[in-house]
Amino acid sequence: MTLEEKLLKILQRTANVEAMDWLAQECAAQRADFVQRSFYYAFSGVSRRFDKKGGLELIEADAEELDALVSGFALEGWDQFRLGRVILLLVLAEQEQDVFLETLQKLLGTADLREQAAIYSALPLFPRGEQYVEMAQDGLRTNIVDVFDAVALGNSYPAQYFSDEAWNQMVLKALFISRPLYKIVGIDQRGNAALVEALSDLAHERWAAGRWVSPELWRSCQNFISPQVVEDMRRLCESQQPGQREAVALLLADDESGGAVADLKAQVSSLVDEVKAGGLTWDQVGREFGKDCFSVFDDKQSDKA
Amino acid sequence: MKFFDSHVHMVSRTTDDYQRMAAAGTVALIEPSFWQGQPRTEVGSFKDYFNTLIGFERFRASQFGIKHYCTIGLNPKEANNEKLADGVMELLPLYICKEGVVGIGEIGFDDQTKLEEKYLRIQARMAVEADLPIQIHTPHRDKKKGTQRTMDVLEDTGCDPRRVIIDHNNEESVKEVLDRGYWAAFTIYPHTKLGNERLVEILREYGGERIIVDSAADWGISDALAVPKTAAVLKENGTTMETIERVTYGNPLEAYGQSGQVSESDWEDAEGVDPSALFAGNTLFRGGQDVEEAMAQYKVIT
């Protein structure tokens, strides 16, 4: 099954028949004879055919199948508009390189919020993936949460193409605007020493201001336990705030370096046991303690940029 | 009472107006693309203006519980700059099928030049192609002939009069507009008395069918409450509530509802105002104001 077939199959579960027929016709027509103007009509006109409040229905097998087609690609949180538009963008991506890029730039420069989300979500599907780094970074400069999320969360593009510098900015901003880090694709793989230093600095800033930080902040430090991070963990161990001791247990569960680390590990030994038994994971910390930390975690309306 | 103001330029209005409109019962409005008091010199200015109409202005309205729609188009005044106009024609297809865009507008004649006609034709064809209603601006000078000429052009282009709303009518233009099957809108400018006896007379003569009342409030002296205030005047003068409801709410909804982009459920099922919401990092409310309280003082007609 091709990616397009798979996406159509998913969209079909909730969209009405007329909308699906229309989309199939538009795709066929654009493939036969690409006309920029009618592509604009189709791309924005998704709003005229699909249900504006219509979501998707994902089943268990979807995640694996999508991941097999495009590594890291997932549709969590998407709606009908977004998926319909991404399918059209797949057709656009088949055009000559210059036509594709010019059309894409025009669409993005005039896009409403839901259209922007669709374009950013489709980045990992485009050919010559290295060309869209600036576009994606521009998307992250927004203060509109839905647009930021489209680039940063559930999107494999940044992990694959961002420099460390760009990646680190994204993670730091995600923390600043209270986005769930566990939804960032590649959050465990893209940790680096510079990021760890910046994260520790951020924690110190917050602590100095009498605020506390999401336990998810420490996730990127997993393979970079610097002396500074060891000091920070000391503080976390003493913290009464939700999720902080859990973060220490997760960071140290597999660490056998002894010394100061062993001492800290002993302080959270029961949590370490939980980690080893598979009963405590970073995703869980994000889901459970993130809620306490950011109040009404999944409700985007309540997040402050 | 609920009101639908189908012509109002909110980019030129302050939040005071939004508060007063919401308090007075305006649940939805349409912001036509227009000129901004002085001519634009770059196509990019149009792009950013259109982006505002589908972006920040929509958000501002939502903060007062008002649903904001728009029509997209090149106004006749700026149609006289051919190079600029051509650029805008290339831009329009990117916008006209977007969510919440209920038509092409406001387009039509101003000085009634050849260039104005050229871009009226192009945009009318675009509306037919995209299956969208058209919102027509009729000239303030030589109105009767200008309105006739507009209708001639539209019919020549293949437009269906039932999908065209002709605005800024007066006693002289309305008969032919209705006879030819168009929707006839009346703009209630302050000091013209159209909100008083004149409109009562017009409604007495033509009934409420295909007639729409709007404010066309913009950057000049105008009244964002013109629609509810007119409803109050009509009521005092004995116009039936059914007709009032029709011309201030039902008719604009039906006329622009033909776009498929606006329906009553948009506001009936709305989840209310979230004063803490942000757009591009901006909030409209300062220091924990109470929206309800701020708006209560502005009730005009219940």
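Protein chains in written order, with the numbering used here: chain A, 1 to 305; chain B, 1 to 302. Think of the CB as a built atom: it goes at the ideal place given N, C-alpha and C, for glycine as much as any other residue.
- Using a CB distance cut-off of 8 Å, B/Leu278 counts as an interface residue toward chain A.
- Counting along the chain, A/Gly45 sits inside no beta strand (DSSP E); it lies in the alpha helix (DSSP H) bounded by residues Gln36 to Arg49.
- Contacts with chain A (Cβ-Cβ distance below 7 Å) from the segment 77-103 of chain B involve Pro93, Leu94, Tyr95, Cys97, Lys98 and Glu99, listed in chain order.
- A/Gly278 counts as exposed, since fewer than 16 other C-beta atoms from the protein chains shown sit within 10 angstroms of its C-beta.
- Chain-ordered listing is empty here: chain B has no CB closer than 7 Å to the CB of A/Asn155, the nearest sitting near 21 Å.
- In this chain, the alpha helix (DSSP H) harbouring A/His204 covers Ala193 to Ala208.
- Between B/Ser6 and B/Ile212, the C-beta spacing is below 8 Å.
- Beta-bridge partners of B/Val101 (DSSP): B/Cys70.
- Closer than 8 Å to the CB of A/Ile119 there is not a single CB belonging to chain B.
- For B/Pro252, the enclosing alpha helix (DSSP H) covers residues Asn251 to Gly257.
- Taken in chain order, the complete alpha helix (DSSP H) segments of 4 or more residues contained in the segment 63-115 of chain A are 80-92 and 97-109.
- Put simply, of B/Gly44, B/Lys98, B/Pro39 and B/Glu106 the residue whose alpha carbon is nearest the alpha carbon of B/Gly73 is B/Glu106.
- Under DSSP, B/Val233 forms no beta bridge with any residue.
- Short of 6 Å from the beta carbon of B/Tyr69, and not among the five residues preceding or following it, lie these beta carbons of its own chain, in chain order: Ile30, Gly100, Val102 and Val262.
- Under the Cβ criterion of 8 Å, B/Ala255 is not counted among the residues facing chain A.
- Residue-level contact by beta carbon fails for A/Thr103 and chain B, as no gap is shorter than 8 Å.
- Within chain A, no residue has its CB atom less than 9 Å from the CB of B/Lys67, the nearest being about 12 Å off.
- B/Ala24 sits buried, since 16 or more C-beta atoms from the chains shown fall within 10 Å of its C-beta.
- At the C-beta level, A/Leu271 and A/Leu264 stay beyond 8 Å of one another.
- The straight-line gap separating the alpha-carbon atoms of A/Gly54 and A/Gln240 is approximately 42 Å.
- Within the segment 228-245 of chain B, contact with chain A at the beta-carbon level (separation under 7 Å) is assigned to no residue.
- Here B/Leu132 has Ile96, Gly103, Ile104 and Ser259 as same chain residues with Cβ atoms under 7 Å from its own Cβ, once five neighbours each way along the sequence are excluded.
- Chain B has no Cβ within less than 8 Å of the Cβ of A/Arg211.
- For the 8 Å CB-CB criterion, B/Leu91 and B/Val43 form a contact.
- Of the candidates A/Asp255, A/Tyr182 and A/Val133, the residue whose Cα lies closest to the Cα of A/Asp164 is A/Val133.
- Interface residue (Cβ-Cβ distance to chain B less than 8 Å): A/Asp112 is classified as such.
- B/Asp214: not part of any alpha helix (DSSP H); member of the beta strand (DSSP E) spanning Ile211 to Asp214, first to last residue.
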